[in-house]
Amino acid sequence: MRKNLTQLDKKYVWHPFTQMRDWLREDPLIVKEGRGVYLKDMHGRWFIDGVSSLWVNVHGHRNKEIDSAVKKQLGKIAHSTFLGLSHEKAILLARQLIGIVPPGLNKVFYSDNGSTSVEIALKMCFQYWRHKGMAGKTKFIYFNNSYHGDTVGSVSVGGINLFHNIYKPLLFGSYMAGFCEKKLETLLKRHHKKIAALIIEPLIQGAGGMLLCPSGFLKKARLLCSRYDILFIADEVATGFGRTGKMFACEHEKVRPDVMCLGKGITGGYLPLAATITSDKIYRAFLGYYGHKKTFFHGHSYTANPLACSAALANLKIFKKEKTLQKLKPKINYLKIQLKVFQGLKNVKEVRQLGFMVGIELIKNKKAGTPYHWEERIGLKVVNEARKRGAILRPLGNVIVLMPALNISMNTLKKLLKITYQSIVSATGNVK
Ligand SMILES: Cc1ncc(COP(=O)(O)O)c(C=O)c1O
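Residue 74 in full-length UniProt numbering sits at position 74 of the sequence shown; the count goes up by one each step and never skips.
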């Protein structure tokens, strides 16, 4: 059966972000089951899920409460459209979300993945200015190394050359900024009449390689946007739902965005759901007679899927009941202490951490500052070593990412760190 599945996969499936030529030569890991922070493959081997199934899983796999919430909802209805209809779970979830996001955000617009939540944010901001009679404000500011998803709109505000450059002819022009307050202010001063919004991953750029934003920059960027009449979009798709140690990364600097994008962990990593949350100010600009064409003409077949909303409600309930964020604190501190050991490795350039988001950047020669060439795929080599030792990781180029579910036990966290350390040593061939 297993061999058969492997053959069928190779015959019929095209995997995301995967060079299929390589895939066809490898023996793929086929996941059969999950339990807590572990995944089991077709051979019956168990692995620690070191990246929470690509940053989505929050309270572990097969969490009793989320399982039962989804099953209960299945007993009622799996899906009905949200276009022209509503349903209980989406309404209740919207109320709960508004209770936890930064003040000033009052309206929830659902979709089904992080990219669409960003797409919606961009379209909303663009259209907002049209309704306000400032049709010239059509452009966006985004940051170098940013990642906001893979749809054409979200790629237009993406700053990772390897992923985004090829699509340039398809993209709308935007302004790219860096983490320099002065330069950002100059850009805003010069172009604010043309700029609809700024989009940022608060405090840490995930897919860019777990790159930390200088302390205070987020707040400053927010202030500048207010000063120059530019909407501020916080993309919390990766950072939301506790990953940085607080429910949302914006809380660290008490930032109130005009629009917030949520996805990934919103359902505890169970089902596809996303939300673009915005202020009454923006919402009200879309109100008017139908003939005035102020309607936000955007929606998806599975917008606000009831099963996903049920999972999301259970996810939020667990945060409260289990005091997840409180229990996370000692684990974050432990992680911080243990990561110092990695810094001593000969091929580790830098270790970056914000809460439970970790990036360990590898370097070929630390003294000479020579990086690994991206084609050497050192990250992949480490991941392969980790797999042999019982952990599933996924690198970002030369950066090894650790982002386990928040409910990982101290013991398993210890195990994960040990495997990661040994795997780096083995793949780079160097210790100190
Ligand atoms: C900050 C950020 N925004 C958006 C996305 C896109 O989310 P999705 O993969 O659900 O489309 C991601 C995915 O990694 C992300 O990290």
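Idealized CB from N, CA, C, for every residue including glycine. Computed from a predicted model, the values in this text were never measured in an experiment.
Buried versus exposed, by CB contacts within 10 Å (16 or more), residue i
i      : result
Met410 : exposed
Ala368 : exposed
Gln127 : buried
Ile77  : exposed
Val118 : buried
Gly397 : buried
Thr186 : exposed
Ser174 : buried
Arg243 : buried
Arg222 : buried
Tyr302 : buried
Phe356 : buried
Ile30  : exposed
Met210 : buried
His292 : exposed
Asn161 : exposed
Trp46  : exposed
Gln205 : buried
Thr428 : buried
Closest residue to residue i among the options (Cα-Cα distance)
i      : options                           : result
Ala391 : Glu33, Leu39, Thr6 and Leu5       : Leu39
Ile100 : Val383, Asn347, Ala249 and Arg377 : Ala249
Asp41  : Leu345, Ile400, Tyr302 and Arg387 : Arg387
Glu236 : His59, Asn113 and Thr6            : Asn113
Leu406 : Gly344, Arg394, Ile363 and Leu325 : Leu325
Gly269 : His252, Ala234 and Ala311         : Ala311
His373 : Gly359, Val351, Arg394 and Val399 : Val399
Asp229 : Phe319, Ala207, His191 and Phe217 : His191
Leu313 : Gln19, Val56 and Val70            : Val70
Ile195 : Arg35, Gln19, Thr138 and Gly265   : Thr138
Asp150 : Ala207, Arg130, Thr267 and Ile98  : Ala207
Gly44  : Lys89, Val37 and Glu33            : Glu33
Gly36  : Ile91, Thr412 and Ala238          : Thr412
Glu375 : Leu5, Gln19 and Val425            : Gln19
Leu97  : Asp9, Ala275 and Tyr12            : Ala275
Alpha-carbon spacing of residue i relative to residue j, whole angstroms
i           : j      : result
residue 451 : Lys193 : The shown model of the chain, from 1 to 432, leaves out residue 451, and the question about it has no answer.
Asn430      : Asn144 : 32 Å
Phe82       : Gly104 : 24 Å
His164      : Phe17  : 12 Å
Lys418      : Arg25  : 29 Å
Glu361      : Arg284 : 45 Å
Lys183      : Ala177 : 8 Å
Asn305      : Ile332 : 33 Å
His87       : Gly299 : 16 Å
residue 459 : Leu198 : This structure cannot speak to residue 459, because the chain is shown only from 1 to 432.
Cys54       : Arg394 : Residue identity check: residue 54 is Leu in the sequence provided, not Cys. Their backbone Cα atoms lie some 8 Å apart in a straight line.
Val383      : Ser423 : 7 Å
Cys125      : Ala135 : 11 Å
Val58       : Gly50  : 12 Å
Lys189      : Lys132 : 20 Å
Gly84       : Cys261 : 23 Å
Pro335      : Lys72  : A small correction: the amino acid at residue 335 is Leu; Pro does not occupy that position in the sequence shown. Using only the alpha carbons, I get a separation of about 37 Å.
Lys246      : Tyr147 : 21 Å
Ile233      : Leu218 : 11 Å
Trp23       : Ser115 : 25 Å
Distance CB(residue i)-CB(residue j) smaller than 9 Å
i           : j      : result
Val157      : Tyr167 : no
Val259      : Leu231 : yes
Cys225      : Leu273 : no
Ile200      : Cys180 : no
Ile277      : Phe109 : yes
Gly107      : Asp280 : Looking at the sequence provided, one finds Lys at residue 107 rather than Gly. Yes.
His252      : Leu307 : no
Leu316      : Leu93  : yes
residue 448 : Lys414 : Absent from the model: residue 448. The displayed extent of the chain is 1 to 432, so no value can be given.
Lys264      : Val56  : yes
Ile282      : Gly240 : no
Ile363      : Val341 : no
Met403      : Ser52  : yes
Val401      : Gly359 : yes
Quick check on the DSSP output: what are the complete beta strand (DSSP E) runs of length 3 or more inside the segment 208 to 239, in order along the chain? 231 to 235
Taking only runs that begin and end inside the segment 77 to 134, name each unbroken alpha helix (DSSP H) of 4 or more residues, in chain order. 88 to 100 and 114 to 131
What ranges does the beta strand (DSSP E) occupy inside the segment 350 to 431, keeping only unbroken runs of at least 3 residues that lie completely in it? 357 to 362 and 399 to 402
Quick check for students: name the residue ranges of the alpha helix (DSSP H) that lie wholly in the segment 304 to 340, counting only runs of 4 or more. If we require 4 residues or more, the alpha helix (DSSP H) runs fully inside the segment 304 to 340 come out as 306 to 321.
Segments assigned alpha helix (DSSP H), at least 4 residues, entirely inside the segment 132 to 211: Here the runs fully enclosed are 152 to 156, 161 to 164 and 181 to 191.
Completely contained alpha helix (DSSP H) runs for the segment 246 to 307, where each covers 4 or more residues: Counting whole runs of 4 or more residues, the segment 246 to 307 contains the alpha helix (DSSP H) stretches 280 to 284.
Mind pulling the beta strand (DSSP E) runs of 3 or more residues that sit fully within the segment 46 to 79? 46 to 49
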